[in-house]
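5 is the number of the first residue of the sequence shown in my numbering; add one for each residue after it. Beta carbons: idealized from backbone N, C-alpha and C, even for Gly. Small disclaimer: the values here were computed from a predicted structure and weren't measured. The structure under discussion appears below in the form of structure tokens.
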Amino acid sequence: MELSEFEVKRIEKLFGDFCDKRVPGHWRDKIRVEFRVRGDSVELFESRPLHNDPDSWISTRIARFKKSARNGLWNLYCAGRDAQWQRYAASTPQRDIEALLRIVEQDTIGAFWG
């Protein structure tokens with residue numbers, strides 16, 4: 005289920021502000037926290053330039069937020085060791101994606117930021 009235009013605009017503002025606060029402007033040529041909205045999900049990732057080719061960037065997945073078509077609740081996923089998304093067991097589905105973004109920001113067990 006695609007997100008509504010209103011939801012996408014709200015997510016772009018929320019995640020844009022989050023990413024801007026996460027990395028100070030003077031560091032953005034070395035590291036960026038970015039997001040993308042696809043269908044019913046939002047992916048948060050960290051990007052850095054390759055050490056041997058600073059014009060090429062590589063991204064590492066941080067978190068995925070997926071809205072359930074069945075109940076309209078957001079679920080939070082973290083990147084597993086096998087490069088697959090796995091449900092973040094320390095959270096419950098939420099009506100508001102902002103609550104899950106706060107969990108990622110706080111990262112009390114190091115599942116997102118290491």
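With 16 other CB atoms within 10 Å as the buried threshold, where does residue i fall?
i, result
"Lys-34", "exposed"
"Arg-68", "buried"
"Ile-15", "buried"
"Ile-101", "buried"
"Ala-115", "buried"
"Leu-105", "buried"
When the Cα of residue i is compared with those of the options, which residue comes out closest?
i, options, result
"Ser-63", "Glu-47, Leu-77, Ala-73", "Glu-47"
"Arg-85", "Arg-74, Arg-65, Asn-75", "Arg-65"
"Ser-45", "Pro-58, Asp-21, Lys-71", "Lys-71"
Put residue i into one of helix, strand or coil per three-state DSSP.
i, result
"Asp-59", "strand"
"Leu-80", "strand"
"Lys-90", "The question names Lys, but residue 90 in the sequence shown is Gln. Note: Gln-90 maps to strand in three-state DSSP."
"Glu-38", "strand"
Report whether the distance from the Cβ of residue i to the nearest heavy atom of the ligand ZN is below 8 Å.
i, result
"Lys-13", "In the structure on display, the ligand ZN does not appear, and there are no ligands present to speak of."
Whole angstroms are fine: how far does the CA of residue j sit from the CA of residue i?
i, j, result
"Ser-95", "Arg-42", "22 Å"
"Lys-25", "Arg-32", "11 Å"
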